[in-house]
Amino acid sequence: MRGGGQNPCQTRNVGLDLIRSCAILFVIAGHFFSLHTAFKTSTFEGTSLFIQATISFLFYTGVSLFLLLTGYLNTNKSINKKYYKGGVRVIISYLLFSLITIIFRKYYLHESLSWIQWGLKVLDFSAIPYGWYIEMWIGLFLLTPFLNLLYKAIPDQKQKLILVGTLYIMTALPDLLNRYGVHLVPGFWQQCFPLTFYFIGAYIHEYKPTIRKGWAWMIILGICLINPIFNLIFIHNHTLVQICGNSNGVFGIPIAVLFFLLFYQLDIHSKMNKKILAKISVLSLDMYLCCYIFDAIYYP
1 MRGGGQNPCQ
11 TRNVGLDLIR
21 SCAILFVIAG
31 HFFSLHTAFK
41 TSTFEGTSLF
51 IQATISFLFY
61 TGVSLFLLLT
71 GYLNTNKSIN
81 KKYYKGGVRV
91 IISYLLFSLI
101 TIIFRKYYLH
111 ESLSWIQWGL
121 KVLDFSAIPY
131 GWYIEMWIGL
141 FLLTPFLNLL
151 YKAIPDQKQK
161 LILVGTLYIM
171 TALPDLLNRY
181 GVHLVPGFWQ
191 QCFPLTFYFI
201 GAYIHEYKPT
211 IRKGWAWMII
221 LGICLINPIF
231 NLIFIHNHTL
241 VQICGNSNGV
251 FGIPIAVLFF
261 LLFYQLDIHS
271 KMNKKILAKI
281 SVLSLDMYLC
291 CYIFDAIYYP
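Mapped onto full-length UniProt numbering, the consecutive letters of the sequence shown carry residue numbers 1 to 300.
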């Protein structure tokens with residue numbers, strides 16, 4: 001998936017390739033848990049569901065990692081023809097895989113819609129059921145040069161942290177506090193979470209923060225255990241209650257950021273592994289756009 005770009009003719013950052021490769025695999029795994037199994041509808045009990053509930057929360061951060069990559073790699077993009085031409089590949093890929101998916105849905109799944117109706121589905125990003133990401137990405141792509149102007153106009157690190165913190169409060173807190181019929185904080189800006197991840201990525205690119213790996217993994221594991229432990233203790237004879245919220249919420253954002261910090265400066269010496277990660281990274285958008293077809297075949 002598109003998370004900024006690394007020129008294949010230049011030296012690639014293998015850490016970013018690893019993050020992008022993990023992100024697309026997380027997206028596929030997240031679809032498996034949330035869309036194609038009985039994980040969300042099964043009564044939460046037993047060791048198997050406990051393990052699934054633990055690892056699934058990490059897998060749900062796939063899109064978040066792509067957004068962090070977008071901010072990290074695009075923070076220096078400016079308003080020029082070269083930048084806007086860079087979005088053409090994504091649009092072409094979307095149109096191509098939309099056509100392939102339409103043919104698949106029409107002749108393999110036998111969905112009886114007219115070609116005009118299929119064309120409208122391309123325009124509303126439902127020809128590919130996972131096409132919402134492209135719809136979101138187009139807006140973020142168009143805003144990117146202006147977001148960069150805003151970010152670079154902020155004079156110091158402290159004020160940039162305040163920007164990130166403000167966006168975190170505006171987009172993450174409603175996910176935790178406005179649920180189950182309760183509305184405790186303003187939630188109008190909750191859907192602006194892509195901006196939160198974008199500016200976090202830009203901040204990481206500028207200041208190159210580091211983190212102790214052991215502590216990072218402990219925090220990630222601790223957050224991932226909140227849902228299953230809470231349900232084990234307090235919820236009985238019920239499906240899994242997502243007390244931690246979504247991947248763009250109070251707990252989901254730290255997991256994605258910590259995972260990014262663990263690997264973004266990683267170096268791998270094996271040329272073969274570098275090539276494999278680079279290939280997966282380059283093809284991640286195509287993998288995302290065609291994974292619905294494989295999901296429909298394997299999870300009818």
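Cβ coordinates follow ideal geometry from the N, Cα and C atoms, glycine included.
Remember, it's a predicted structure, so these values are computed and weren't measured experimentally.
| query | result |
| --- | --- |
| Counted within 10 angstroms of its Cβ, other Cβ atoms place Trp-215 as buried (16 or more) or exposed | exposed |
| The segment 109-123 in contact with the segment 43-63 per 3-pair CB rule at 8 Å | no |
| Helix, strand or coil at Thr-43 [DSSP, three-state] | strand |
| Terminal residues of the alpha helix (DSSP H) in which Asp-17 lies | 14-35 |
| Buried versus exposed call for Trp-118 [16 or more other C-beta atoms within 10 Å across all chains shown] | buried |
| Leu-12 to Ser-34 span [Cα, whole Å] | According to the sequence as given, residue 12 is Arg; it is not Leu. Going by the C-alpha atoms only, they are around 33 Å apart. |
| Cβ contact (3+ pairs, closer than 8 Å) linking the segment 16-23 and the segment 207-225 | no |
| Candidates Thr-70, Asn-178 and Lys-158: closest to Cys-244 by CA position | Asn-178 |
| Cα-Cα separation, Cys-9 to Thr-196 | Caution applies to Cys-9, whose pLDDT of 41 falls short of 50 and renders its modelled position unreliable; the model cannot decide the point. |
| Beta-carbon proximity of Tyr-72 to Leu-16, cut-off 9 Å | yes |
| Neighbour flag for Tyr-207 against chain B, beta carbons, 9 Å | Absence of chain B from the displayed structure is noted, only one protein chain being present. |
| 9 Å Cβ cutoff met for Thr-239 and Thr-41 | yes |
| Endpoints, alpha helix (DSSP H) assigned at Leu-221 | 213-234 |
| Top-ranked residue by Cα proximity to Gln-191, from Leu-184, Val-182, Tyr-198 and Thr-171 | Thr-171 |
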